[in-house]
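Quick note, the sequence shown lines up with residues 27 to 402 if you use the working numbering. Note that CB positions come from ideal geometry on N, CA and C, so glycine has one too. No experiment lies behind these values; they were computed from the predicted model shown. Read the structure below first, then the notes.
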Amino acid sequence: MDLKKDFYMNSGAGDNSYGSNSKIQGLIICKSQSVRREAAVAAYLGTGPPATMSVADLGCSSGSTALLAVEDIMEAVERACVELRRQPPEFNLLLNDLYGNDFNAVFRSLPEFHSQRPGKGLCFVTGVPGTFYDRLFPAKSLHLVCSSSSLHWLSQMPEELQQKEGSPAACVNKGKVFISAGSPPCVAEAYRKQFHRDFRNFLRCRAEEIVRGGWMVLAFMSRRSREAAMMEDRYIWELLADALNAMASENLVAQERIDSFNAPFYAPSLEELEEEIEGEGSFCIRSSDHFRAGWDDDDLYYATGGAAADGVISSARYAGRMARGVRAVAESMLRSHFGEGVSMDDLFCRYDGLLAQYYAANDAAVTNVVIALVKK
Ligand code: SAH
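The following block contains the structure:
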């Protein structure tokens, strides 16, 4: 599996699409809004201010959240310009995602996006396909980079867990698809190493692209414990493994395919992030914070009427939302690894049931981090 080509959020606007199942990611953008807004104004004032402000969103995806963060940024800078009695800048908005992303859906939404900015300055939108673990933009060309709900994806399954040219993997995570209760210690170590390699690459590439005094605001899944094996939200993957193992026991999935699948996902601790950023050396950390995002907040924010009459959403409802959310993001890579013969409807129906049992006794919120950095 080559994630650059084989990984994309489910396209379109159907029941299983990312666009229809990204409310929690929308909430994460909202919860990190104040950090992003402050960074936008600081980046504008601290880099000139430039006549044209270049803003990149890394891992923009498609659907209702694709333009939320850049919209926010423009609004914050334009508001600051009114207070400072300055002419606002023109905006160069660069929307990045992997090659398989539904950029067409994003482009089709642009007429509406532009029409919602009457009387505002010009903004120019460009799609930039490619991986953010490589260079994506010319040197010293960006004033602000933001990314939400994307950097927890690794560039590949941890290298030490992969079979190469017929030889067995250095470490095997039998019957599991992530660092789980019962995984041997070499699994967490393999994940930690992959994260280290990837995040260093990410920082090195952005250090080339961002001008001195430019900012970067990153929000993504994180964990509170220093121990990778203690990630609070690992049940998301453990229950997916349980659903796959149940299918394997009925010969619906080959056990070997489960043993060789390790989700290319990692939720670092704050300490780990700080160590990487300080070790790479190109950025100063201006703020870093954990926050939790869950479906209850989602309903408060969106006021969609999704909550039950007593204001408490049932565990079955949480489960349905989480199962559809995980399917919208992970289906492409699961199909690619397990093959078209494995029924995604069956897998996610079982997963939904396991999540409902879990949420009957546990909280459904997920831990995130938002971190603001300035280029030295
Ligand atoms: N920012 C959006 C989308 C988050 S979903 C939101 O908040 O709703 C995560 C996105 O990151 C997906 O669209 C996925 O394709 C993208 N992504 C994952 N790894 C990536 C990489 N290496 N380079 C670029 N985009 C990546």
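Exposed unless 16 or more other CB atoms sit within 10 angstroms - verdict on residue i
{"i": "Cys56", "result": "buried"}
{"i": "His169", "result": "buried"}
{"i": "Ala335", "result": "Because the pLDDT at Ala335 is just 41, under 50, the model does not fix this residue reliably, and the value given afterwards should be weighed accordingly. Burial call: exposed."}
{"i": "Pro473", "result": "What the structure shows of the chain is the stretch from 27 to 402, and residue 473 is not part of that stretch, so it cannot be assessed."}
{"i": "Asp371", "result": "exposed"}
{"i": "Val392", "result": "buried"}
{"i": "Gln220", "result": "buried"}
{"i": "Asp41", "result": "exposed"}
{"i": "Ala106", "result": "buried"}
{"i": "Phe364", "result": "buried"}
{"i": "Arg62", "result": "buried"}
{"i": "Gly367", "result": "exposed"}
{"i": "Cys375", "result": "exposed"}
{"i": "Pro194", "result": "exposed"}
{"i": "Gln383", "result": "exposed"}
{"i": "Val108", "result": "exposed"}
{"i": "Tyr125", "result": "exposed"}
{"i": "Gly307", "result": "exposed"}
Run of the alpha helix (DSSP H) containing residue i, from where it starts to where it stops
{"i": "Ser60", "result": "Gln59 to Gly72"}
{"i": "Ser80", "result": "Counting along the chain, Ser80 falls outside any alpha helix (DSSP H), though it belongs to the beta strand (DSSP E) covering Thr78 to Leu84."}
{"i": "Tyr377", "result": "Met370 to Ala387"}
{"i": "Ala207", "result": "Counting along the chain, Ala207 falls outside any alpha helix (DSSP H), and DSSP gives it neither H nor E."}
{"i": "Met359", "result": "Ser341 to Phe364"}
{"i": "Glu298", "result": "Leu296 to Glu306"}
{"i": "Leu29", "result": "Leu29 to Asp32"}
Range covered by the beta strand (DSSP E) that runs through residue i
{"i": "Ser173", "result": "Leu168 to Ser174"}
{"i": "Leu236", "result": "Correcting the residue identity first, residue 236 is Ile in this sequence and not Leu. Ile236 -> beta strand (DSSP E) spans Ile236 to Met247."}
Residues that DSSP places opposite residue i in a beta bridge
{"i": "Ala398", "result": "Val243 and Ser313"}
{"i": "Trp179", "result": "Phe291"}
{"i": "Val392", "result": "Ala319"}
{"i": "Ser193", "result": "Lys190"}
Any non-hydrogen atom of the ligand FMN closer than 7 Å to residue i Cβ
{"i": "Asp123", "result": "For the ligand FMN, the structure offers nothing, since it holds only the ligand SAH."}
Task: Completely contained alpha helix (DSSP H) runs for the segment 265-291, where each covers 4 or more residues - done: Counting only runs of 4 or more residues that sit fully inside the segment 265-291, the alpha helix (DSSP H) segments are 281-285, in chain order.
Task: Inter-stretch contact at 8 Å, needing at least 3 Cβ pairs: the segment 290-308 / the segment 242-249 - done: These segments touch.
TODO: Entirely within the segment 88-169 and at least 3 residues each: give me those beta strand (DSSP E) ranges in chain order.
DONE: 116-123 and 149-155, all fully within the segment 88-169.
Open item on the list: Count Cβ pairs between the segment 139-146 and the segment 156-164 that sit closer than 8 Å; are there 3 or more?
Closed with: Cβ pair count under 8 Å is below three, so no.
Open item on the list: Taking 8 Å as the cut-off, does the segment 125-138 touch the segment 196-215 (at least 3 CB pairs, one atom from each stretch)?
Closed with: Contact between the segment 196-215 and the segment 125-138 is absent: fewer than 3 CB-CB pairs across the two stretches fall below 8 Å.
- [ ] Evaluate the contact criterion for the segment 73-93 versus the segment 173-181: three or more CB pairs, one atom per stretch, below 8 Å.
- [x] A contact exists between the segment 73-93 and the segment 173-181.
TODO: Check whether the segment 196-204 touches the segment 260-269, taking contact to mean three or more Cβ pairs, one atom from each stretch, closer than 8 Å.
DONE: Contact between the segment 196-204 and the segment 260-269 is established, with three or more Cβ pairs separated by less than 8 Å.
Open item on the list: I'd like to know if the segment 85-103 and the segment 113-121 are in contact, where contact means that at least 3 CB-CB pairs between them fall below 8 Å.
Closed with: Enough Cβ pairs lie closer than 8 Å, so yes.
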